[in-house]
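K.L.:
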Amino acid sequence: MEMIMEGVVWYVVFLFSVTLHEAAHAYAALRLGDPTAYEGGQVTLEPLPHIRREPLGMIGVPILSFVLSGWMLGWGSIPYNFEWALRHPRRAAWMSLAGPLANLFLVFVAVLVIHIGLALDWFTPPDFITFSRVTDAVGEGTPAAIATIISILFSQNLLLFIFNLLPFPPLDGSGIMPLIMEEEKARSYLLFISNPTFSFMGLFIAWSAFNPIYDLIHLVAINLLYPGVSYG
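For the sequence shown, the residue numbers in our numbering are 138 to 369.
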């Protein structure tokens with residue numbers, strides 16, 4: 138029962154985090170000249186439009202990854218005008234970067250809340266860490282529930298930020314590459330990675346590479362969060 142409740146919290150945080158991620162892509166595209174996602178209803182913090190577009194990535198895969206790994210991984214997507222991206226590859230790259238930056242923002246929100254809690258003696262560094270236990274509450278009931286939610290918010294968005302920066306299509310890291318390319322080379326690059334075969338290969342490679350290293354990334358991040366405490 139406890140694992141089910143924990144899974145529900147993870148899924149709520151996952152939905153919020155991925156919805157913000159995709160809405161950030163859509164809003165950035167709108168501001169940079171491509172209204173496709175806006176017209177498709179993706180500039181929204183309501184999760185249903187994003188679930189309808191990617192039910193596997195928003196429901197099936199996150200639940201399966203939680204059962205297998207103890208954290209949730211999945212994806213959403215937004216429609217965009219590929220011709221616009223070819224005309225403006227750097228704008229398209231900024232659109233790609235907007236999603237991971239939204240997750241990084243939520244990591245900082247979690248860090249801020251944790252440090253405020255530490256200063257007010259609401260939170261304390263845990264005796265041991267898990268993906269769901271980044272901080273402990275000084276008390277039971279509501280404070281403990283808040284500590285769990287903030288812990289999961291930290292872990293989930295750190296995961297989404299790092300994972301999406303991997304430079305494999307269709308992840309955002311591959312879409313960011315035109316920022317360091319000349320425009321003509323960037324256009325050729327976008328045409329090259331648009332092959333759907335690369336998306337399947339990229340997801341497989343990214344998952345295979347990320348799964349064994351996230352524990353280490355999470356551990357390093359927690360030690361940075363609590364400079365005076367050493368977790369191993």
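Heads up, the beta-carbon is just placed ideally off N, CA and C, and yes, glycines get one too.
Across which residues does DSSP place T272 in a beta bridge pair?
P.N.:
Answer by DSSP bridge pairing: none, since T272 is not bridged.
K.L.:
From L290 to V244, what does the alpha carbon distance come to, in whole angstroms?
P.N.:
So the two alpha carbons sit approximately 7 Å from each other.
K.L.:
Is the segment 197 to 206 touching the segment 245 to 258, taking contact as three or more C-beta pairs under 8 Å?
P.N.:
Contact fails: fewer than three Cβ-Cβ distances are below 8 Å.
K.L.:
Report back the beta-carbon spacing between I251 and T272 to the nearest angstrom; my notes put them in contact at under 8 Å.
P.N.:
About 5 Å; that satisfies the 8 Å criterion.
K.L.:
Residue range of the alpha helix (DSSP H) that E320 falls in?
P.N.:
Start and end: E320 to I330.
K.L.:
Kindly indicate the opening and closing residues of the alpha helix (DSSP H) around G170.
P.N.:
First-last for G170: undefined, no H or E at that position.
K.L.:
Output the residue ranges of the alpha helix (DSSP H) runs that lie fully inside the segment 221 to 308 and measure 4 residues or longer, sorted by chain position.
P.N.:
As far as the segment 221 to 308 is concerned, its whole alpha helix (DSSP H) runs of at least 4 residues are 226 to 256 and 279 to 301.
K.L.:
Tell me the rounded alpha-carbon separation between F265 and V366.
P.N.:
Distance between the alpha carbons of F265 and V366 is about 11 Å.
K.L.:
Is the CB-CB distance between T156 and L182 below 9 Å?
P.N.:
Cβ distance < 9 Å, so T156 and L182 count as in contact.
K.L.:
What does the Cβ neighbour count give for F341, buried or exposed, with the cut at 16 atoms within 10 Å?
P.N.:
F341 should be labelled exposed.
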